[in-house]
Amino acid sequence: MLSNTMIEALNEQIRIEFESSNLYLQMAAWCAWKGYEGGETFLRAHSEEERMHMMKLFTYVGETGALAVISAMEQPKAEYESLSDMFKQILKHERFVTSKINELVDLAYKEKDYSTLNFLQWYVAEQHEEETLFSSLVDKIELIGHDGRGLYLIDKELGKQATAAAGQ
Ligand code: OFO
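All residue numbers for the sequence shown refer to the working numbering, where the first residue is 1057 and numbers rise by one.
1) Just tell me which of Arg1100, Glu1159, Thr1061 and Phe1175 has its CA closest to the CA of Cys1087.
2) Taking 8 Å as the cut-off, does the region 1079-1086 touch the region 1182-1198 (at least 3 CB pairs, one atom from each stretch)?
3) On the DSSP letters alone, give me the boundaries of the alpha helix (DSSP H) that Met1108 sits inside.
4) For Phe1074 versus Met1108, is the C-beta spacing smaller than 7 Å?
5) Report the option in Ser1077, Glu1130, Thr1115 and Lys1090 whose CA atom is closest to the CA atom of Leu1066.
6) Would you tell me roughly how many angstroms separate the C-alpha atoms of Glu1104 and Ser1077, rounded to the nearest one?
7) Taking the alpha helix (DSSP H) that Gln1217 falls in, what are its first and last residues?
8) When DSSP labels each residue in this structure, what does Gln1177 get in the three-state scheme?
9) Relative to the alpha-carbon of Glu1185, which residue among Gly1206, Gly1204 and Thr1154 has its alpha-carbon at the smallest distance?
10) Taking contact to mean 3 or more Cβ pairs, one atom from each stretch, closer than 8 Å, check whether the region 1138-1145 and the region 1162-1172 are in contact.
11) In whole angstroms, what separates the C-alpha of Val1180 from that of Ile1157?
12) Can you tell me whether Ala1221 is buried or exposed, with buried defined as 16 or more other CB within 10 angstroms of its CB?
13) Can you tell which of Leu1058, Glu1198, Lys1112 and Met1129 has its C-alpha closest to the C-alpha of Ala1122?
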C-alpha cells in the first residue's frame, strides 16, 4: 500500500508526463508549420512515448489500490525561435523531468517503499537515455544547423531517428 504522500507525488508525475506528451505534440505541430517533416515525425513519436510513460504510472498507481488522478495541465508553448531554440528547451524540460524522478526515488527510499523504488528504476534509466539523446541533438544542431543546408540535414536525421526508434 502506498502512503498518501507517495500517491500524491506519483499523481503529480502522471501530470508531468502528460504535459511532456502535450508539449512534444505541440512542438510537432510547430515543426510541421515550419516545414521540418523529420522533426514533426520525431516529435510525434516522442509525444507517444511520453504518453506511454504516463500510462505506466497510471497503471501502477491503480494496481496498488490507490486512485490515479489526472489534474489540470499547463498549456504548452506553441511557437519557437528556431529548431535550435526548441531542442534546447526540450533538453531543459527533460532535465526537469529527471529532477522530479529523482525526488520520487528519494521519497521511496525515505518511506522504505521498495515496490515503488523498483518501479521507478525504469524511469531512472529512461531519463538517462533521453538526456543523452537530446543533449547530442542539441550539440549536432549547434554544430551544423546554422544554415539551410545544415537544417535540412538535421531534419533528415530526426526523421531517420524516428524511423529507427519505431523499428526497435
Ligand atoms: Fe521524456 O520524460 Fe517521460 O519519463
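Don't be surprised by glycine CBs; every beta carbon is placed ideally from N, CA and C.
In terms of the structure at hand:
1) The shortest Cα separation from Cys1087 among Arg1100, Glu1159, Thr1061 and Phe1175 belongs to Arg1100.
2) These segments do not touch.
3) Segment Glu1093 to Glu1119, the alpha helix (DSSP H) holding Met1108.
4) Taking 7 Å as the Cβ cut-off, Phe1074 and Met1108 do not qualify as a contacting pair.
5) Nearest C-alpha to Leu1066: Thr1115.
6) So the alpha carbons of these two residues sit roughly 7 Å apart.
7) For Gln1217, the enclosing alpha helix (DSSP H) begins and ends at Gly1204 to Ala1222.
8) In the structure shown, Gln1177 sits in a helix (DSSP, three-state: H, G or I).
9) If we check each option's Cα against that of Glu1185, Thr1154 comes out closest.
10) At 8 Å Cβ cutoff, the stretches do not touch.
11) Those two C-alpha atoms are separated by around 7 Å.
12) Ala1221 should be labelled exposed.
13) Nearest option by C-alpha distance: Leu1058.
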